[in-house]
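Taking it in order: structure first as structure tokens, then the write-up.
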Amino acid sequence: MGTEHFVKEDYVGALFEYWTKAAESGDALAHYELSCFHQNGKGVEKNEKKRLYHLVEAAIGGHPGARFQLAGYEGKNSRFDRMVKHFIIAANLGHDGSIQMLKGCYKHGLVSKEDFAAALRAHQAAVDATKSPQRDVAEAFAEKFRSYQQQTFGGNT
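Sequential numbering from 165 applies to the sequence shown in the numbering used here.
The structure is reproduced here in structure tokens:
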């Protein structure tokens, strides 16, 4: 879900322009957000080709959620080898959903025991690398802010 869901309708166009400028400078998050705009059609027409372009750019830039979505796209198109590769890369970046999907892939014989074990180790290392007291404080603040937004704006911000 992209940021376009969290802003008032009046600001969607400005947000799209902001993300477009950031994507032009190579920002992976911006490419991911633009893929969400093109997927959902909020503020722009739905466009699968543009959605995939921005997903690929975001994935190349290191966005784990983009890798996860590309894996889903490849799976829907029966390209399971590519799907598994995307899941492994996303898992290596610490994406929890990808580990869960790889577990299912392993159970169905789509990923080897060795590759699954390596992905589990890399995922844990990525998660461990993000732990710090400062991050805990920041997450607590972010949770309070989300709660405030929900109470104040009812989730339609």
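Ideal Cβ placement from N, Cα and C applies to all residues, glycine included.
Computed from a predicted model, the values in this text were never measured in an experiment.
On a Cα-Cα basis, can you pick out the residue from the options that is closest to residue i?
{"i": "Tyr270", "options": "His259, Gly258, Ala283 and Asp260", "result": "Ala283"}
{"i": "Ile204", "options": "Arg215, Arg310 and His195", "result": "Per the sequence shown, residue 204 should be read as Asn rather than Ile. Considering only alpha carbons, the answer is Arg215."}
{"i": "His141", "options": "Asp245, Gln288 and Ala255", "result": "Since the first and last residues shown for the chain are 165 and 321, residue 141 lies out of range."}
{"i": "Val208", "options": "His287, Pro297 and Gly177", "result": "Gly177"}
{"i": "Ile224", "options": "Asp191, Asn211 and Thr294", "result": "Asp191"}
{"i": "Phe251", "options": "Lys206, Phe232, Lys240 and Ala281", "result": "Phe232"}
Drop a sphere of 10 angstroms on the beta-carbon of residue i, count the other beta-carbons inside from all chains shown, and report buried for 16 or more, exposed for fewer.
{"i": "Tyr312", "result": "exposed"}
{"i": "Ser189", "result": "exposed"}
{"i": "Ala306", "result": "exposed"}
{"i": "His272", "result": "exposed"}
{"i": "Val301", "result": "exposed"}
{"i": "Phe317", "result": "exposed"}
{"i": "Phe309", "result": "exposed"}
{"i": "Trp183", "result": "buried"}
{"i": "Ala235", "result": "buried"}
For the alpha helix (DSSP H) that contains residue i, what are its first and last residues?
{"i": "Asp322", "result": "The structure shown does not extend to residue 322, since the chain is modelled only from 165 through 321, so no value can be given for it."}
{"i": "Asn204", "result": "Ala192 to Asn204"}
{"i": "Lys185", "result": "Val176 to Glu188"}
Residues in its own chain within less than 6 Å of residue i by CB, not counting five upstream and five downstream?
{"i": "Ala187", "result": "Ala194, His195 and Leu198"}
{"i": "Met165", "result": "Confidence is the limiting factor: at Met165 the pLDDT is only 48, short of 50, which leaves the residue's position unreliable, though a coordinate-based value still follows. Cβ neighbours of Met165 beyond the five flanking positions: none."}
{"i": "Ala222", "result": "Ala192, His195, Tyr196 and Ala230"}
Looking only at its own chain, which residues have a Cβ that is under 7 Å from the Cβ of residue i, when we skip the five neighbours before and after it?
{"i": "Ala286", "result": "Ala255 and Asn256"}
Enumerate in chain order the residues of its own chain whose CB-to-CB distance from residue i is below 8 Å, with the five nearest sequence positions on each side excluded.
{"i": "Gln180", "result": "One detail in the question is off: residue 180 reads as Phe in this sequence, not Gln. For Phe180, where only same-chain residues beyond five positions count, the Cβ hits under 8 Å are Glu168, Leu198, Phe201, Gly207 and Val208."}
Runs of beta strand (DSSP E) lying entirely within the segment 225-280, each at least 3 residues, in chain order: none
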